[in-house]
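Enquirer: Residues 93 to 180 in our numbering are what the sequence shown spells out, letter by letter.
Cβ coordinates follow ideal geometry from the N, Cα and C atoms, glycine included.
Quick caveat, the model's predicted, so the values are computed rather than measured.
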Amino acid sequence: MEARVTARTTFETKEEAKRIYEALGVDLSTAINVFLKKSIVAGGFPFSVTLDRPNAVTMKAIEDSFQHPEKGKHHESFEDFMEEMNAL
93 MEARVTARTT
103 FETKEEAKRI
113 YEALGVDLST
123 AINVFLKKSI
133 VAGGFPFSVT
143 LDRPNAVTMK
153 AIEDSFQHPE
163 KGKHHESFED
173 FMEEMNAL
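(1) Taking 8 Å as the limit between beta carbons, can you name the residues of its chain near Pro-138, skipping five residues before and five after?
(2) Which same chain residues, not among the five before or five after Thr-122, have their C-beta less than 8 Å away from its C-beta?
(3) Can you tell me where the alpha helix (DSSP H) holding Leu-128 begins and where it ends?
(4) Which same chain residues end up closer than 7 Å to Lys-110 when comparing Cβ atoms and leaving out the 5 residues on each side of it in sequence?
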């Protein structure tokens with residue numbers, strides 16, 4: 093049984109993605125199905141999703157956690173803290 097998925101995007105995004113997938117020999121519907129199936133296998137996004145530049149809220153949370161160890165785990169250095177964050 094088939095199901096319909098509706099998503100909103102810009103015309104430009106759709107057309108650019110469509111051109112890329114057509115060059116790979118698949119249509120947009122097939123590409124979306126591949127993404128969904130890979131998401132199921134991965135148990136989430138099938139690729140890393142990160143902030144290129146942490147926003148102010150993220151940076152404030154990092155600084156508070158590092159500067160106020162009584163609020164959470166104490167870290168000997170900022171590098172130790174970042175190592176733990178990168179392991180998550």
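Expert: Concretely, from the data shown:
(1) Phe-127, Lys-130, Ser-131
(2) Tyr-113
(3) 120–134
(4) Leu-120
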